[in-house]
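Per the working numbering, the sequence shown starts with residue 107, numbered consecutively. Don't be surprised by glycine CBs; every beta carbon is placed ideally from N, CA and C.
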Amino acid sequence: MYGEDERLRALEESAGLAPSASPRRVPWRLVTAVSAVAGALVLIATLSRPSLPAPAGSITPVISLVEILPKGYEKCYKNKTYFVEQSGHFSLHAAEETRVSSALECQMQCAETYLCEHFSFWSSGGCLLTSYSAYPRMLDGPPGVAVVSGPRECKAPVPEYSKKLAPGANVPPFTAKEAPGCGGLHEVYEKVWTAEGETFFDDWQFIEKSMTRGAEWYLNRSEAQRQAVAHASSAGAIIRVGEQAWRPDVGFIVALKYKHVPYGPGVWPAFWLLNSDRPWPNGGELDVLEFANDQTAKVTFHTDQNCSLNVPKMLDCVKEMSDITDEMIPSCLTNYSGNALGCLPPQVRKDGEWYSKNPGVLVTVWDASGITTFHIPEAEIPADLQNDAPTPNKWPAKWRMAFMPFDPDSCVDIAHPQEIVINIALCGDWAGNAWWTCKSCRKTGFIPNYCIPGHVTEPATDCCTIYMSNPSAEEPLATQAYFDIDYVKVYEPKGANMPKYAAGTYRNGGVGVGD
């Protein structure tokens with residue numbers, strides 16, 4: 107997954123840059139929403155038609171840096187320079203401005219309008235809604251009329267409820283330690299957090315924008331509820347981040363018991379851990395289950411430090427595992443522009459259909475010695491895990507999917523308190539770009555010359571995006587593209603008695619570092 111949003115950064119930093127592009131036409135609205143039902147979490151993508159407005163023409167610029175901000179929102183609205191989409195791009199309103207009475211009313215219109223990610227309100231009453239996914243340009247204009255620009259939904263910068271949790275940014279640096287054998291540093295763990303049943307969503311934070319240039323449309327909590335998705339068959343694909351974060355240097359276990367994971371053409375699901383107190387990948391990111399289309403899932407770890415896996419120990423321990431891949435990247439340093447992709451251990455790799463046909467528990471054990479992931483079939487869940495006192499060092503190697511021991515000499519300050527994230531993306535940077543190499547994707551019939559595979563920057567011609575906009579995608583999305591989760595539980599070493607750390611995203615009301 108990605109820790110930054112290039113398009114949002116463009117709005118704030120690329121003054122004067124306006125690359126040419128053809129108009130974007132979106133014939134269908136991808137609605138994603140969420141439902142908590144007794145005993146299970148079900149996440150599934152659904153489609154419905156929107157009412158699309160006409161494209162905008164040229165807009166007369168009006169700009170001022172006078173602040174007119176509602177109380178409590180001073181750190182939310184971005185009152186810098188007013189950006190408007192270049193003439194010819196897909197826009198949300200025609201050239202005429204909507205007349206409203208306040209910035210909050212303008213913002214409310216944005217929150218209720220499909221594809222709106224940014225609003226601008228003039229003190230004269232004008233309200234313009236735009237999408238930050240389009241290329242922006244900076245406009246200057248005569249003074250005298252104040253303007254407020256901001257995101258589709260503002261939240262208090264530090265929610266009151268988060269003050270009960272410790273700041274996750276002020277913890278000692280991670281220092282790797284070698285554990286004996288092929289296990290971890292701790293023998294017994296105890297449960298410290300759980301999400302299951304009707305209260306599954308109570309301790310999660312909604313994230314409301316796509317970070318991967320995909321076809322999905324994320325909803326906030328109130329919008330998800332307003333979409334009437336409190337029914338198991340109407341759940342949706344929403345990035346959700348836990349309110350708490352856990353220290354990998356101390357050690358923790360995350361267990362996800364599932365019945366089904368998403369798969370299919372254009373589908374990009376992920377179950378992952380990250381730190382949002384620092385710009386990605388400085389705080390570390392672990393992809394526990396991530397794949398796109400019909401590819402197999404892989405476990406990877408990302409950091410900005412020159413950390414390497416303990417290769418001799420890793421190769422010795424994977425001998426106990428069966429059906430592993432030979433592909434290996436020992437360096438965990440991640441810099442995509444420099445072709446540094448993060449570390450990838452030899453591991454057992456299966457696709458989404460396999461996981462869905464083999465339900466069970468995905469377990470991640472992470473401590474200062476390294477990371478181990480397990481897949482435990484539902485019929486084999488051990489008594490220690492059922493009793494919330496897992497002893498992973500005693501589990502058989504046949505359940506092990508990946509083993510990543512850290513090199514104690516190089517792995518320092520590689521990770522900070524980790525949040526739990528579950529999401530389903532559609533198309534975008536991975537699933538869209540890999541469309542042509544995907545057998546099931548080609549079978550949809552959305553291939554050249556009808557469309558252009560991997561053209562994710564131009565959704566109007568991208569094969570994956572066009573497929574998602576077609577009625578033929580409804581049935582596979584409804585029957586394949588969903589998470590069905592019984593619970594997510596977190597365990598810490600018995601007797602650790604660690605404080606409850608607030609996830610960075612949670613403290614910021616749903617906005618991570620760099621957003």
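Mind checking whether residue i and residue j have CB atoms under 7 Å apart?
i           : j           : result
residue 529 : residue 376 : yes
residue 412 : residue 439 : yes
residue 94  : residue 596 : Residue 94 falls outside the range modelled here, since the chain spans only 107 to 621, and no answer is possible.
residue 557 : residue 371 : no
residue 364 : residue 591 : yes
residue 570 : residue 400 : no
residue 235 : residue 219 : yes
residue 514 : residue 541 : no
residue 351 : residue 213 : no
residue 483 : residue 490 : no
From the DSSP output, in three-state form, read off residue i for me.
i           : result
residue 501 : coil
residue 295 : strand
residue 573 : helix
residue 318 : With a pLDDT of 41 at residue 318, under the threshold of 50, the modelled position of that residue is not reliable, and the figure given next carries that caveat. It is coil, neither helix nor strand.
residue 355 : coil
residue 232 : strand
residue 396 : strand
residue 363 : strand
residue 226 : strand
residue 411 : coil
residue 386 : coil
residue 401 : coil
residue 585 : helix
residue 494 : coil
residue 455 : coil
residue 567 : coil
residue 461 : helix
residue 211 : helix
residue 607 : strand
residue 369 : coil
residue 204 : strand
residue 540 : coil
Quick check on this structure: which residue in the options has the alpha carbon closest to the alpha carbon of residue i?
i           : options               : result
residue 423 : 592, 504, 447 and 555 : 504
residue 285 : 216, 540, 607 and 355 : 355
residue 373 : 533, 573 and 561      : 533
residue 516 : 283, 226 and 232      : 283
residue 554 : 545, 568, 510 and 231 : 568
residue 296 : 494, 234 and 429      : 494
residue 436 : 427, 418, 425 and 444 : 418
residue 292 : 549, 472, 484 and 589 : 472
residue 441 : 391, 433 and 415      : 391
residue 492 : 594, 523, 420 and 410 : 594
residue 538 : 587, 225, 562 and 290 : 562
residue 433 : 449, 443 and 279      : 449
residue 470 : 393, 367 and 564      : 393
residue 588 : 205, 535, 443 and 459 : 459
Could you please give me the residues that DSSP links to residue i through a beta bridge?
i           : result
residue 701 : A query on residue 701 cannot be resolved here, the shown segment of the chain reaching from 107 to 621 and no further.
residue 598 : 296
residue 524 : 352
residue 476 : 473 and 511
residue 376 : 396 and 529
residue 288 : According to DSSP, residue 288 bridges with nothing at all.
Just to check, is the beta-carbon of residue i closer than 6 Å to a non-hydrogen atom of the ligand MG?
i           : result
residue 301 : Annotation note on the ligand MG: not contained in the displayed structure, which lists no ligands.
With contact counted as at least three CB pairs below 8 Å, one residue from each stretch, are the stretch 391-407 and the stretch 450-463 in contact? Contact between the stretch 391-407 and the stretch 450-463 is present: 3 or more CB-CB pairs across the two stretches fall below 8 Å.
Any contact of the stretch 377-384 with the stretch 494-503, i.e. 3+ C-beta pairs under 8 Å? Counting Cβ pairs under 8 Å, fewer than three are found: no touch.
Contact between the stretch 505-515 and the stretch 469-489 (3+ Cβ pairs under 8 Å): As far as the Cβ criterion goes, the stretch 505-515 touches the stretch 469-489, which means the pair count is three or higher.
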